[in-house]
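S.K.: If you read the sequences in order, they're chains R and P. For the first sequence, my numbering gives the first residue as 1, with consecutive numbering after it. For the second sequence, my numbering gives the first residue as 223, with consecutive numbering after it. Ideal placement from N, C-alpha and C gives every residue a C-beta, glycine not left out.
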Amino acid sequence: MTKLTNAQIAWRAAQDIHDGAYVNLGIGFPEMVARFQPKGRQAIFHTENGILGFGEAPAPGQEDWDLINAGKKAVTLKPGTAFFHHADSFAMVRGGHLDVAILGAYQVAQNGDLANWSTGPKGVPAVGGAMDLVHGAKRVAVITDHVTKDGKPKLVDRCTLPLTGLGCVTRIYTSLAVVDIKDGRFLLREKLPALSFDELQSLTGAPLHRDGDVADLIVPEV
Amino acid sequence: MDKRIASLADAVSDIPDGAAVMIGGFGGSGAPIELIHALIDRYLATGSPARLTVINNNAGNGHVGIAAMIEQGMVAKMVCSFPRSADPRVFTEKYLAGEIALELVPQGTLAERIRAGGAGIPAFYTPTSFGTDLAEGKPVAEFEGRSYVQERWLKADVALIKAETGDHLGNLTYRMAARNFAPIMAMAAAHTVAQVSHIVEPGGIDPEAVVTPGIFVDAVVSVPNPAQEEDLNRANAIHPQVSA
Numbered sequence: 001m002t003k004l005t006n007a008q009i010a011w012r013a014a015q016d017i018h019d020g021a022y023v024n025l026g027i028g029f030p031e032m033v034a035r036f037q038p039k040g041r042q043a044i045f046h047t048e049n050g051i052l053g054f055g056e057a058p059a060p061g062q063e064d065w066d067l068i069n070a071g072k073k074a075v076t077l078k079p080g081t082a083f084f085h086h087a088d089s090f091a092m093v094r095g096g097h098l099d100v101a102i103l104g105a106y107q108v109a110q111n112g113d114l115a116n117w118s119t120g121p122k123g124v125p126a127v128g129g130a131m132d133l134v135h136g137a138k139r140v141a142v143i144t145d146h147v148t149k150d151g152k153p154k155l156v157d158r159c160t161l162p163l164t165g166l167g168c169v170t171r172i173y174t175s176l177a178v179v180d181i182k183d184g185r186f187l188l189r190e191k192l193p194a195l196s197f198d199e200l201q202s203l204t205g206a207p208l209h210r211d212g213d214v215a216d217l218i219v220p221e222v
Numbered sequence: 223m224d225k226r227i228a229s230l231a232d233a234v235s236d237i238p239d240g241a242a243v244m245i246g247g248f249g250g251s252g253a254p255i256e257l258i259h260a261l262i263d264r265y266l267a268t269g270s271p272a273r274l275t276v277i278n279n280n281a282g283n284g285h286v287g288i289a290a291m292i293e294q295g296m297v298a299k300m301v302c303s304f305p306r307s308a309d310p311r312v313f314t315e316k317y318l319a320g321e322i323a324l325e326l327v328p329q330g331t332l333a334e335r336i337r338a339g340g341a342g343i344p345a346f347y348t349p350t351s352f353g354t355d356l357a358e359g360k361p362v363a364e365f366e367g368r369s370y371v372q373e374r375w376l377k378a379d380v381a382l383i384k385a386e387t388g389d390h391l392g393n394l395t396y397r398m399a400a401r402n403f404a405p406i407m408a409m410a411a412a413h414t415v416a417q418v419s420h421i422v423e424p425g426g427i428d429p430e431a432v433v434t435p436g437i438f439v440d441a442v443v444s445v446p447n448p449a450q451e452e453d454l455n456r457a458n459a460i461h462p463q464v465s466a
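1. Mind checking whether R/Y22 and R/I51 have CB atoms under 8 Å apart?
2. Alpha carbon to alpha carbon, how far is R/W65 from R/P58? Give it in angstroms, no decimals.
3. Using a threshold of 8 Å, state whether the C-beta atoms of R/A10 and R/I143 are closer than that.
4. Would you call the stretch 383 to 390 of chain P in contact with the stretch 362 to 373 of chain P, where contact means no fewer than 3 C-beta pairs closer than 8 Å?
5. Per DSSP, what kind of secondary structure is P/A385 in: helix, strand or coil?
6. Counting only beta-carbon separations shorter than 8 Å, does R/F29 have a partner in chain P?
7. Compute the Euclidean distance between the alpha carbons of P/I427 and P/P435, then round it to the nearest angstrom.
8. Check the Cβ of R/K72 against every Cβ in chain P and list those closer than 7 Å, keeping chain order.
9. In whole angstroms, what separates the C-alpha of P/P305 from that of P/N280?
10. Taking DSSP's pairing of strands, which residues face P/V443 in a bridge?
11. Taking only three categories from DSSP, how would you classify P/E452?
12. Can you pull out the residues from the stretch 312 to 337 of chain P whose beta carbon lies closer than 9 Å to at least one beta carbon of chain R?
13. Would you call the stretch 187 to 207 of chain R and the stretch 224 to 235 of chain P touching, i.e. three or more CB-CB distances under 8 Å?
14. Residues in its own chain within less than 8 Å of P/A323 by CB, not counting five upstream and five downstream?
15. I'd like to confirm the pairing. Which residues does DSSP put opposite P/K299 in its beta bridges?
16. Can you list, in chain order, the residues of its chain with a C-beta nearer than 7 Å to that of P/K316? Leave out the 5 residues immediately preceding and following it.
17. Which of the three DSSP states is assigned to P/E316 in this structure?
18. Rounded to a whole number of angstroms, what is the C-alpha to C-alpha distance between P/G269 and P/A319?
19. Within the same chain, show all residues whose beta-carbon is closer than 6 Å to that of P/V415, passing over the 5 residues directly before and after it, in chain order.
20. In the stretch 129 to 203 of chain R, which residue ranges form an unbroken alpha helix (DSSP H) of at least 4 residues, counting only runs that do not cross its ends?
21. Using a Cβ-Cβ cut-off of 6 Å (strictly less than) and excluding sequence neighbours within five positions of P/L454, which residues of its own chain qualify?
22. From P/P344 to P/A333, what does the alpha carbon distance come to, in whole angstroms?
23. Residues of chain R with a CB under 7 Å from the CB of P/N402: which are they?
24. Here's the rule I'm using: 16 or more other beta-carbon atoms within 10 Å means buried, otherwise exposed. How should P/M407 be labelled?
25. Out of R/K191, R/D213 and R/F36, point me to the one whose CA is closest to R/L203's CA.
26. Alpha carbon to alpha carbon, what distance is there between R/G120 and P/L261?
27. Can you tell which of P/S419, P/R456, P/Q463 and P/I460 has its C-alpha closest to the C-alpha of P/A308?
28. Let me see if you follow: with CB-CB separation under 8 Å, is R/R94 close to chain P or not?
29. Determine the chain R residues that contact P/R397 at a beta-carbon separation under 8 Å, and present them in chain order.
30. Note down the Cα distance separating R/I68 from P/I277, rounded to an integer number of angstroms.
31. If you check the beta carbons only, do P/G330 and R/G71 fall under 8 Å apart?
32. Can you grab the Cα-Cα spacing for the pair R/Q110 / R/D132, in whole Å?
33. Using the Cα positions of R/V127 and P/G340, report the straight-line distance between them to the nearest angstrom.
34. Are R/V75 and R/G53 touching if we call contact CB-CB under 8 Å?
35. Decide if R/R158 is buried, meaning its Cβ has at least 16 other Cβ atoms within 10 Å, or exposed.
36. In the DSSP assignment, what are the bridge partners of R/G55?
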């Protein structure tokens, strides 16, 4: 059984973003979702430092360092780009104006709690906009490997790492499955066809429930 | 009225020891490098201003700008959301050695606290951080069935910001995403100094295009062709430069 690559997880998440959606992608892995917008749909991407509707990365050597995203990577202008200050940017976030936020995770609990900013008290703590993003977007989704590098579940009964937000996540796209969170339970929506329900359950830290058919998670090579 | 100041040194000459200083910029974009370096030069020449509290999204990168302020020992405390960067060693080493304090604030809360400070709103409620370690000790309240955390305004003695064009009255425009925290910091500080790439006569900025009205700005200093922090770091720049 081959699990999905990060690009394939990003591809699957991109299929659920509707035309015209205002979208914030967390820094790092979630930024990849922008590459897989289905043809005919155009999302408008928001970045916390104050840009709506930015374009892809410029060619090397063409960077303008006044035109960066929240990950401090260079981006480009597109027709219709808008700039705004930081308080307005987070009004867009907290004020319920974003349609979707897609974030990474260390752990997601069956009640929708998310831990994605701190792995514990060691080192220098840093939070950025993570705690703001989980509140306000109409839909907060997570993309992640199904298990940690040492094989422990990332979909858990209760988060043991410091929380980013309570009850905020509604859908998780993993390397093995698509899982919704509803009424404090994990609802399995899609799984890799080569994987049995019991195998998936054994890699998941809380019960997977079924509410109707579980679809095959089929993603092209990307 | 004319808010122009002749030199960078004059623009930062009144900042006292122990001041709270808001510094514009998100990473390198919008960082007022020349104002920061003028402040460092004053500190190295006179020992003042020392024990500063610096408010910025980050805690410096490399050995220029805010990182250089920290490296030279001028900063007692950072208020920021993300004290990491491509090269965060200066802050990290001092923090782990207990030589600098850190108040970690979620990014949107940081922005809104600054905005509230500038708008005369002493406290507000936000959903951000409810139920997390960063809400510990803060009042919470429920509104329309949802829980919120009370946060307080954030003000400063001085703001140092970078703008693109300024007129003699302090009206400002910015360049792309370099705007970030500057407009709200200009509101929240008792004394705001803007370095600008272009100075124009009153009337030289279309009133429809003014982003920061001059009422929020106390001093404007001309810095044509300002350094970009990212370029300095890519060139491994250090401030102050050590002569061989």
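M.R.: The relevant details are as follows:
1. Against the first sequence, residue 22 of chain R aligns to sequence position 22. Against the first sequence, residue 51 of chain R aligns to sequence position 51. Not closer than 8 Å, so no.
2. On the first sequence, residue 58 of chain R is found 58 positions in, with the first residue counted as 1. On the first sequence, residue 65 of chain R is found 65 positions in, with the first residue counted as 1. In a straight line, the C-alpha of R/P58 is about 11 Å away from that of R/W65.
3. Along the first sequence, one-based indexing puts residue 10 of chain R at 10. Along the first sequence, one-based indexing puts residue 143 of chain R at 143. Going by C-beta atoms, R/A10 is nearer than 8 Å to R/I143.
4. no
5. Counted from its first residue, the second sequence places residue 385 of chain P at position 163. In the structure shown, P/A385 sits in a strand (DSSP, three-state: E or B).
6. Position 29 of the first sequence, counted from the first residue, corresponds to residue 29 of chain R. No, R/F29 does not count as interfacial toward chain P.
7. Looking up residue 427 of chain P in the second sequence gives position 205. Looking up residue 435 of chain P in the second sequence gives position 213. Going from the Cα of P/I427 to the Cα of P/P435 covers about 11 Å.
8. Numbered from 1 along the first sequence, position 72 holds the residue referred to as residue 72 of chain R. Those are G249, listed as they occur along chain P.
9. As a first step, residue 305 of chain P is located in the second sequence; it is residue number 83 there, counting from the start. As a first step, residue 280 of chain P is located in the second sequence; it is residue number 58 there, counting from the start. Taking the straight line from one Cα to the other gives about 5 Å.
10. The residue given as residue 443 of chain P occupies position 221 in the second sequence. Bridge partners of P/V443: P/I227 and P/Q417.
11. Indexing the second sequence from 1 puts residue 452 of chain P at position 230. In the structure shown, P/E452 sits in a helix (DSSP, three-state: H, G or I).
12. F313, T314, Y317, L318, L324, L326, V327, P328, Q329, G330, T331, L332, A333, E334, I336 and R337
13. no
14. Numbered from its first residue, the second sequence carries residue 323 of chain P at position 101. The answer, listed in chain order, is A298, K299 and M300.
15. Here the question's residue 299 of chain P lines up with position 77 in the second sequence. Answer is P/T275 and P/A323, bridged to P/K299.
16. If you number the second sequence from 1, residue 316 of chain P lands on position 94. Excluding sequence neighbours, P/K316 sits near I292 and I322.
17. The residue you call residue 316 of chain P lines up with position 94 of the second sequence. First, the amino acid is wrong: residue 316 of chain P is Lys here, not Glu. Helix.
18. Within the second sequence, the letter at position 47 stands for residue 269 of chain P. Within the second sequence, the letter at position 97 stands for residue 319 of chain P. The alpha-carbon atoms of P/G269 and P/A319 are separated by roughly 22 Å.
19. Numbered from its first residue, the second sequence carries residue 415 of chain P at position 193. Cβ within range, chain order: A233, L382 and A441.
20. 130 to 133 and 197 to 202
21. Sequence index remark: in the second sequence, residue 454 of chain P carries index 232 (1-based). Only V286 meet the Cβ criterion.
22. On the second sequence, position 122 is the one that residue 344 of chain P refers to. On the second sequence, position 111 is the one that residue 333 of chain P refers to. Going from the Cα of P/P344 to the Cα of P/A333 covers about 14 Å.
23. Indexing the second sequence from 1 puts residue 402 of chain P at position 180. N49, G50, H85 and H86, listed in chain order.
24. Start at 1 with the first residue of the second sequence, and residue 407 of chain P comes out as number 185. By the neighbour-count rule (16 or more Cβ atoms within 10 Å), P/M407 is buried.
25. Here residue 203 of chain R refers to the residue found at position 203 of the first sequence. Nearest C-alpha to R/L203: R/K191.
26. On the second sequence, residue 261 of chain P is found 39 positions in, with the first residue counted as 1. On the first sequence, residue 120 of chain R is found 120 positions in, with the first residue counted as 1. So the alpha carbons of these two residues sit roughly 36 Å apart.
27. In the second sequence, counting from the first residue as 1, residue 308 of chain P sits at position 86. Cα-wise, what sits closest to P/A308 is P/R456.
28. Counting from one through the first sequence, the residue named residue 94 of chain R turns up at place 94. Yes, its Cβ sits closer than 8 Å to a Cβ of chain P.
29. Here residue 397 of chain P refers to the residue found at position 175 of the second sequence. The contacting residues are D66.
30. Looking up residue 68 of chain R in the first sequence gives position 68. Looking up residue 277 of chain P in the second sequence gives position 55. Whole-angstrom Cα-Cα distance: 21 Å.
31. On the second sequence, position 108 is the one that residue 330 of chain P refers to. On the first sequence, position 71 is the one that residue 71 of chain R refers to. Cβ atoms of P/G330 and R/G71: not closer than 8 Å.
32. As a first step, residue 110 of chain R is located in the first sequence; it is residue number 110 there, counting from the start. As a first step, residue 132 of chain R is located in the first sequence; it is residue number 132 there, counting from the start. If you take the alpha carbons of R/Q110 and R/D132, they lie about 21 Å apart.
33. Position 127 of the first sequence, counting from 1, holds the residue named residue 127 of chain R. Position 118 of the second sequence, counting from 1, holds the residue named residue 340 of chain P. Each residue's Cα considered, the two are about 24 Å apart.
34. Position 75 of the first sequence holds residue 75 of chain R. Position 53 of the first sequence holds residue 53 of chain R. In this structure, R/G53 does not lie closer than 8 Å to R/V75 by Cβ.
35. Position 158 of the first sequence holds residue 158 of chain R. So R/R158 ends up on the exposed side.
36. Taking the first sequence and counting its residues from 1, one reaches residue 55 of chain R at position 55. Answer is R/T76.
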